[in-house]
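Below is one structure; the comments refer to it alone.
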Amino acid sequence: MSNLENPKNWRFTWEAQSHSPNLRLFLFDSQAKPSVQCRNLEVQLNLSHSHLLVSWLKEGEKEEVSLRVPVPRVLIDSEAPVSFRALDDHIEVKLVLLLPVDHPIVSSFDLMLDSSENGYNAPSLDAAKPLVMDTDLKSLSSMEGVHFYCRKCSTRLTKSPLRNFVEMPSIDWREVADNWFGGCCCSFGGISEKLVTRFANSYRCAKGVCLLNFTTILLFKDDLAAFKLYNGTHEYQPRPDFSSDSGLSEDMLSSQEGTNDLCEKLSSIHLKDNSVSTSALVTKEKASGNEFFSALPLSDFSETETFVRGCCVHTADHIQNHFDEGSQHSVPETCPVDQNTSQLNGFLNGFLGNVFMAKSYNLSMDIDWMEFVCPNCLSLLGAYPFHNGAAPIDGGVRLFKCYVSTSSSAGGSGDLFRKYSLERMFTNQLVENAKDELSFRTLVRDFKTKSPLLQIVLLNPNSWCCSGYCLDTTSAAESILKLDLLPIIKVIFSDCHETSASQPRVHEDWITRNVADVVCMFARQVDELIQSLSSAKDILPPSYNFLQGLPLSSLQR
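Going left to right, the sequence shown walks through residues 7 to 563 as this note's numbering numbers them.
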């Protein structure tokens, strides 16, 4: 059997666009040229068996070649004509739909079918609909206790089940407060600053408490069963309980000398803009029997007048109280640390922000983010902030939801994070950034070196697609797969590894010229995304692999 006759060599890809009642099929073989080799092309739609029969005569012969293509679950207009044509590198077929694939009626119909076949909690339902990222607060809180596991090797990461879950505040609350109270302290701007700062400081790492946002979970270091501390080289060295060469050990942290040493470390942290100086406090608190440290503005504790340089005088008279399951925690010890306003903002944004895909303007130059890896398989799990090689500054480790699970059987019905993947989380954040920043161009930099890794341009955030290989006509009708269109985004991208190292200015010019968004991620995450983008090119014929000289690809949404 020649390549032209073998159905397994023919690949099909169904594609639809949101709000468009059309379904398009790409049928291609890398060794075939349909415009020449496929004579007397015919296409027949068999809705009762959910497949499309494509047949033609071989070049110079009378023998017929037939292929069967599974049709995805969509509402097809059976009375509308089927249009098709043979092009140089593929056969194109167009079907007319009664309703677009993302219409609410179609979504409800699919949900009813899936629930009757697989049950409402089937993991297969997650991939067939766009990812709606949530903090998962209700789902986790409804469980009696939650352990977290490495998704790759199922190693348990937590010492004991966690039962206390708290939603983290958004880093945009400061801007929202400024919109309400104004940006100047004379017009209640100081109130907005204090409101957001106090609110942010009320969410700090504590033993037994898990903080949640859309992409990460934040755990206190003592809740982790094991930890691998990155030693500044390309090797991962295990170290017990966050101890490091910097001298920050558990014994030191539990003593007064530890408080003073931490103050000195925090006072050495500076941002680019150090023109404005203010005061802050480093407090030592006890939560659930464990001490932890945090940096707080002095204005939050001052019961006298607090001066803001270059502006007016404020009077603050409030007491900092923290509640944990009905118990009240006071602030017994403090020590002054010099920080400027920009540093305080960067400190709060860096700790409360989205570490999975961090905006460059939210990162401090002196607070580094280090990879947190699985103690068993060394796969990436998350990140933690540190300074001068020390342990996590706030004692917390951020775990990315796409790398952990809530069940030892990752991806099963008991795994609350089964819907998250690196590809879908990146796509979701890319679309959100495009909406917020009004920019469809993004440059991804390395978290550590800040060198460019990936340029990506969002073309279409609302596409649907499924792909596979054709079947021959002798296969049983029951063997035809049941296909679901999956939500994707269309992008063009450029792998910056392929760009000459002597051309960093090219990337800077591209950012400036296109007003591109700049984010930071870990290199191994970007490498995985580039592999996904490169492999996704193959689901379309070669004539659709490039646009404007750049690779055209897709990512699941």
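Virtual Cβ for every residue (Gly too), placed ideally from N, Cα, C.
Span separating the alpha-carbon of residue i from that of residue j
i, j, result
"residue 229", "residue 166", "7 Å"
"residue 50", "residue 41", "19 Å"
"residue 497", "residue 515", "20 Å"
"residue 73", "residue 557", "29 Å"
"residue 279", "residue 372", "Low local confidence applies: a pLDDT of 40 at residue 279 is under 50, so the model's placement there is unreliable, with the coordinate-based value given in what follows. Straight-line Cα distance between these residues: approximately 12 Å."
"residue 137", "residue 46", "43 Å"
"residue 139", "residue 361", "15 Å"
"residue 212", "residue 381", "22 Å"
"residue 434", "residue 30", "25 Å"
"residue 530", "residue 28", "38 Å"
"residue 2", "residue 197", "In this structure the chain extends from 7 to 563, so residue 2 is not present and cannot be described."
"residue 387", "residue 91", "48 Å"
"residue 141", "residue 416", "19 Å"
"residue 345", "residue 365", "At residue 345, the pLDDT of 42 sits below 50, so the modelled position is not reliable; the number obtained from the coordinates is stated separately. Looking at the two C-alpha atoms, the distance is approximately 22 Å."
"residue 406", "residue 63", "53 Å"
"residue 99", "residue 430", "29 Å"
"residue 214", "residue 151", "11 Å"
"residue 154", "residue 501", "34 Å"
"residue 60", "residue 551", "24 Å"
"residue 369", "residue 219", "18 Å"
"residue 88", "residue 71", "19 Å"
"residue 170", "residue 392", "25 Å"
"residue 504", "residue 164", "40 Å"
"residue 33", "residue 399", "55 Å"
Minimum Cβ-Cβ distance from residue i to chain B less than 7 Å
i, result
"residue 15", "The chain inventory of the structure shown lacks chain B, comprising one protein chain alone."
Contact test: residue i Cβ vs the ligand ATP heavy atom, cutoff 6 Å
i, result
"residue 80", "With respect to the ligand ATP, the structure shown offers nothing to examine, as it has no ligands at all."
Of the residues the options, the one placed nearest residue i, counting alpha carbons only
i, options, result
"residue 85", "509, 392, 99 and 104", "104"
"residue 112", "135, 415 and 61", "135"
"residue 404", "466, 83 and 221", "221"
"residue 76", "433, 15 and 55", "55"
"residue 446", "428, 58, 27 and 495", "495"
"residue 172", "145, 533, 163 and 161", "145"
"residue 101", "465, 141, 53 and 95", "53"
"residue 401", "389, 490 and 25", "389"
"residue 526", "376, 478 and 422", "376"
"residue 379", "80, 88 and 157", "157"
"residue 67", "58, 28, 381 and 43", "43"
"residue 384", "477, 232, 19 and 431", "232"
"residue 440", "453, 418, 154 and 467", "467"
"residue 22", "107, 57, 64 and 38", "107"
"residue 493", "219, 563 and 78", "563"
"residue 521", "448, 509 and 488", "448"
"residue 19", "480, 470, 536 and 532", "470"
"residue 132", "168, 457 and 425", "425"
"residue 533", "174, 79 and 453", "453"
"residue 458", "478, 510, 443 and 488", "510"
"residue 536", "200, 479 and 560", "560"
Simplified DSSP state of residue i, which is helix, strand or coil
i, result
"residue 14", "helix"
"residue 311", "Caution is warranted here: a pLDDT of 36 is assigned to residue 311, below 50, making its placement in the model unreliable, and no coordinate value can be reported."
"residue 167", "coil"
"residue 426", "coil"
"residue 133", "helix"
"residue 431", "helix"
"residue 197", "helix"
"residue 33", "strand"
"residue 112", "helix"
"residue 441", "helix"
"residue 143", "helix"
"residue 99", "strand"
"residue 457", "coil"
"residue 227", "helix"
"residue 413", "coil"
"residue 41", "helix"
"residue 368", "helix"
"residue 53", "coil"
"residue 81", "coil"
"residue 436", "helix"
"residue 561", "strand"
"residue 451", "strand"
"residue 373", "coil"
8 Å contact criterion, which residue i and residue j should meet: CB distance rounded
i, j, result
"residue 13", "residue 472", "Wrong, their Cβ atoms sit about 17 Å apart, outside the cutoff."
"residue 464", "residue 436", "6 Å"
"residue 83", "residue 39", "Not confirmed; about 32 Å, so no contact."
"residue 419", "residue 160", "Not quite, the Cβ-Cβ distance comes to about 16 Å (not below 8 Å), so this is no contact."
"residue 412", "residue 422", "5 Å"
"residue 78", "residue 544", "The pair is not a contact, with the Cβ atoms about 19 Å apart (cut-off 8 Å)."
"residue 443", "residue 523", "5 Å"
- Task: Entirely within the region 486-558 and at least 4 residues each: give me those alpha helix (DSSP H) ranges in chain order.
- Result: 510-520 and 529-542
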